[in-house]
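Right, one structure below, let's go through it.
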Amino acid sequence: MEEVEINGRKYTVKKLPAMQQFHVARRLAPILAAFVAGIPSGGEITDSLAGFDLAKIGEEIAALPDKDAEYILNTALSAVTYRDEEAQRDYSIQVRPGVMRYNWIELPEMLRLTVSVIQHNLTGFIPAAASDSKDKAPA
Numbered sequence: 001m002e003e004v005e006i007n008g009r010k011y012t013v014k015k016l017p018a019m020q021q022f023h024v025a026r027r028l029a030p031i032l033a034a035f036v037a038g039i040p041s042g043g044e045i046t047d048s049l050a051g052f053d054l055a056k057i058g059e060e061i062a063a064l065p066d067k068d069a070e071y072i073l074n075t076a077l078s079a080v081t082y083r084d085e086e087a088q089r090d091y092s093i094q095v096r097p098g099v100m101r102y103n104w105i106e107l108p109e110m111l112r113l114t115v116s117v118i119q120h121n122l123t124g125f126i127p128a129a130a131s132d133s134k135d136k137a138p139a
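Heads up: the sequence shown begins at 1 in the working numbering, then just goes up one per residue.
Laid out in structure tokens, this is it:
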């Protein structure tokens with residue numbers, strides 16, 4: 001498990017079952033290929049995006065069928081809980097796939113949480129993810 005804080009709220013990202021990791025990874029494959037193509041030849045990954053073809057990555061994301069995009073988002077978000085400090089309890093952020101429990105989770109938060117889940121679950125599989133990225137929450 002990994003804790004992520006976004007806009008002052010604490011979330012917990014859990015591991016997905018291996019089969020779900022596989023299905024997410026295969027749907028992300030075209031996007032991952034675009035990222036891998038931007039890795040410098042020496043294997044050093046810098047903090048800048050200068051080596052990445054953002055247009056190609058954007059094209060791959062845009063070409064992703066809605067059904068696959070929704071699968072990735074719903075699967076990733078199913079691995080996220082929110083800690084309600086008053087109730088001292090963790091709650092899933094989704095009521096059911098596609099329906100958020102909390103109205104403050106909008107597109108930016110949803111995408112940041114999805115990226116956190118992907119990093120936490122696929123870091124060993126995605127060559128473009130730095131090995132220490134699991135310790136860093138997206139800003």
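For each residue, glycine too, the CB sits at the ideal point set by N, CA and C.
Here the stretch 69-86 lies against the stretch 21-29, with 3 or more beta-carbon pairs under 8 angstroms apart. Pairing ALA55 with PRO30, the inter-Cα distance amounts to about 13 angstroms.
The beta carbon of GLU86 sits closer than 7 angstroms to none of the beta carbons in its chain outside the five residues before and after it.
For ARG101, the three-state secondary structure derived from DSSP is coil. Look at GLN88 here: in three-state DSSP terms it is coil, with no helix or strand label. The C-alpha of ARG96 is placed about 12 angstroms away from the C-alpha of TYR102. Annotation: ALA69 to ASP84 spans about 28 angstroms, alpha carbon to alpha carbon.
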